[in-house]
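Right, here's the structure in full:
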C-alpha cells in the first residue's frame, strides 16, 4: 500500500477544503453498514457536525484504537492515524474543548488490470475464454462484468484470483462487451474494458444418416457411406467418421467432404461399429449417427487367380484356364462355371492350385448372336460364407474367310504367269473373290468353298507392265462383309526388248527409203538394233538392218525390190539387249518417214 499524508485535521481549523468527509468504522472496501460521523467545513472556516456516529447502537465512546477508521473524501478512501482521545461524548467544538487530533493518510487505489482479451469472433453455442492481465502490486482479487446487446452491466465473476473465465454465447447475443477491475481489500481499481464483440449466430449442420453393409469380413475392405447433411447457414464443410472395434472407444478414421470411405477390416476383429457427424466452417458440429454393431466374419474368402478382363473379339472357339485356392484348409470348394448365366459345369470339392479349364467350342460360339457381348463367370464358394468371382467378357464376331498360302514375294518374272489358290469360310458363308493387278480390278466371281482358283496375268496386261515391281491382291469376302486378303509381289524383268508395229503400214508402191528416229535411253553395255522391211505382208518379210543409219539420224535406202504378197507394206522392228549394262534400258517411242 502507499500512504499519502494530507496533514493534521482538528476542529477549529482545517487544511481540507469544503467537501464532505465521511468517517467510517471497519475494514471493508465499501461502507459495512455501520454509521459514521460526518463533518464538513463551515462558512466561518470551522468544522460543523453533519451527523453522529454509532457502532450498531454503541455510543461513540466505545471506539477504541483497535478499530480501523476510514475517511471517504470525494470518492477516495483515507485512514485516520494517531491517538484517539474521546474524553466524553461531546462533539469537538471550535474552541478546542474535548478535541482530538488525527492525520488523514490516503490509501492508493490498486492499478487497473493491464489488459482484457476477448476473441474477435464469437460463435453462438461455442465456448470461448475471457482473460485479463494482472494488476500491478500485491495480491488482488478481481470482479468481471458483462453487458449484452448494450444492456446493463452484470457481475458474472467476483472476488476471484483467477485471470480468466470461460463463456458460451447464446444465439440471442448480437453484441457483448466485458470489463474487469481489481480490489486490494480496501479499494477498487478503475475498469479495464474490452472492445465490443459481435456474435455470430451459426447453426450446426443436420445429422447425416449412415449405411454400413451387414456382412463384414476380416481381411477384406468395407465401404461405409452416409447421407448428405444440410446447413441453414450454407457453410457445411464436411464429415467426421469414427470407428469402434470390439466395443472400444471410437477413433476418427476420416475427415473431409466425401460421403463414403473404404475401411480395411483386420482379420481377428470380433465386432465393429461406425458413427458419423457433420461439421461446418465455423466449427459447429451435428450430433452423431451411429451404425448397428456388425459381427466380423473371420473366414477368408476363396480366391481365383488372374483378373476380370475383356477377351476382345472371338470368331473361333477358345479355352480359359484358371486356378482356385483358399487358405482355410478345412473349407470344401464348389466351383460353378457359367456362360451368359447358363451353367456350363459345377465342380464339387474343386482342387486347390490346379489348372482348370473352360472350353467354348466353335458350336457354342456360333450359336451366340453375331456381334453380341457375352460373359463367362467363374464362382467359387467355400460354403462358409466366402465367395469369389472371376468374369470374362468377349464379343462374338463373324469369322472372315481364309485364303490358303501366305503373303510373299514371287521374285523376278520374265513372262506372263498364273497363281493358284483356294478360299474357305468357317461358318459356311458364301464367298466372293476379287483379284487385282496393281490395284486394278481384273476378276470378280462367286468362289466354291475349298475349290482351286487360278489368276493369270494375260499377255496384254504383261506387256503393259513396266520393268520393276508390281503387286497382285486377292480378296475373299463373306456375305457378312468379313474379308480376307492375300498379297503377292513380283518384279517384271527383261534382258531384251523387242517389238514391231502391230499392223504393217500398207503402201501403194514399193518403198525405197525410210527414216526412223527413236526416243530411247541405251546405257553403256547394252546394244540396240533397228530393222525395217518394205514387203511386210509377205509370209517371210525381208528385214534389213538400218541401225547404223538410225544412229546418225539419216535415212536408209531399201535394197529389196521383190514381194510375194499381193501388196507392199512397211514394218519396223526394234530390239534392245541389256548385255552388261547395269542401268535401265528405256524406249519411249519413235518417229520417222518413208517413201
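Residue numbers (UniProt numbering): 1 to 595.
We put the CB at the ideal spot given by N, CA and C, even for glycine.
By DSSP, does residue 598 sit in helix, in strand, or in coil?
No statement about residue 598 is possible, as the shown extent of the chain runs from 1 to 595 and does not include it.
Distance, residue 583 Cα to residue 473 Cα:
29 Å
Do you know how far the Cα of residue 392 is from the Cα of residue 448?
37 Å
Under the three-state DSSP convention, the category residue 535 falls into:
strand
Per-residue DSSP class, three states only, for residue 45
Model confidence at residue 45 stands at a pLDDT of 37, short of 50, so the residue's coordinates are unreliable; what they give is reported in the following sentence. Three-state result, residue 45: coil.
Please go through the same chain and pick out, in chain order, the residues whose beta-carbon is closer than 6 Å to the beta-carbon of residue 589, but skip the five residues on each side of it.
519
Tell me where the beta strand (DSSP E) around residue 464 begins and ends.
First-last for residue 464: 459 to 464, but that is the alpha helix (DSSP H), not the beta strand (DSSP E).
Per the contact definition of three or more C-beta pairs closer than 8 Å, is the stretch 333 to 340 in contact with the stretch 371 to 388?
yes
Looking only at C-alpha atoms, which of 490, 459, 156, 456 sits nearest to residue 468?
490
So the beta strand (DSSP E) residue 157 belongs to, where does it begin and stop?
154 to 160
Compute the beta-carbon to beta-carbon distance between residue 115 and residue 192, rounded to the nearest angstrom, for a pair I have assumed lies under 8 Å.
7 Å
Whole-angstrom distance between residue 439 and residue 477, CA atom to CA atom:
17 Å
Let me confirm a value: residue 435 is counted as buried when at least 16 other C-beta atoms fall within 10 Å, else exposed. Which label applies?
buried
Spell out the partners DSSP gives residue 518 in its beta bridges.
590
Quick one: what's got a C-beta closer than 6 Å to residue 181's C-beta in the same chain, skipping five residues either side?
143, 188, 189, 191
Decide yes or no for the touch test of the stretch 259 to 274 against the stretch 239 to 251: beta carbon pairs closer than 8 Å, at least 3 of them.
yes
Helix, strand or coil at residue 547 [DSSP, three-state]:
helix
According to DSSP, simplified to helix, strand and coil, what is residue 558?
coil
Give a yes or no on whether the C-beta atoms belonging to residue 513 and residue 558 are separated by under 8 Å.
yes
Would you decide whether residue 345 is buried or exposed? Buried here means 16 or more other CB atoms lie within 10 Å of its CB.
exposed
Neighbour-count burial assignment, residue 394, 16 or more Cβ in a 10 Å radius:
buried
Do three or more CB pairs link the stretch 139 to 155 to the stretch 215 to 225 at distances below 8 Å?
no
Quick one: grab the DSSP three-state call for residue 270.
coil
Am I right that residue 199 and residue 177 are in contact with their C-beta atoms under 8 Å? What's the rounded C-beta distance?
Rounded, the Cβ-Cβ distance is 11 Å, inconsistent with contact.
For residue 354, does the count of other Cβ atoms within 10 angstroms reach 16, so buried, or fall short, so exposed?
exposed
Label residue 404 either buried or exposed according to how many other C-beta atoms from any shown protein chain fall within 10 Å of its C-beta, with 16 as the threshold for buried.
exposed
Classify residue 197 as buried or exposed, calling it buried when 16 or more other Cβ atoms lie within 10 Å of its own Cβ.
buried
Three-state secondary structure assigned by DSSP to residue 365:
helix
Which term fits residue 595, buried or exposed, when burial requires 16 or more other beta carbons within 10 angstroms of its beta carbon?
exposed
Helix, strand or coil for residue 640? Go by DSSP, reduced to three states.
The requested residue 640 is not part of the displayed model; the chain covers only 1 to 595.
Apart from the five residues just before and just after residue 362, which ones in its own chain have a Cβ nearer than 8 Å to its Cβ?
316, 317, 426
I need the straight-line Cα distance from residue 203 to residue 390, nearest angstrom please.
50 Å
8 Å contact criterion, which residue 131 and residue 163 should meet: CB distance rounded:
6 Å
Below 6 Å CB to CB, which residues in the same chain sit around residue 237 once its five sequence neighbours on both sides are set aside?
279, 280, 281
What does the alpha-carbon distance come out to for the pair residue 299 and residue 374?
32 Å
Closer than 6 Å by C-beta to residue 311: which residues in its own chain qualify, once you throw out the five before and the five after it? Chain order, please.
392, 394
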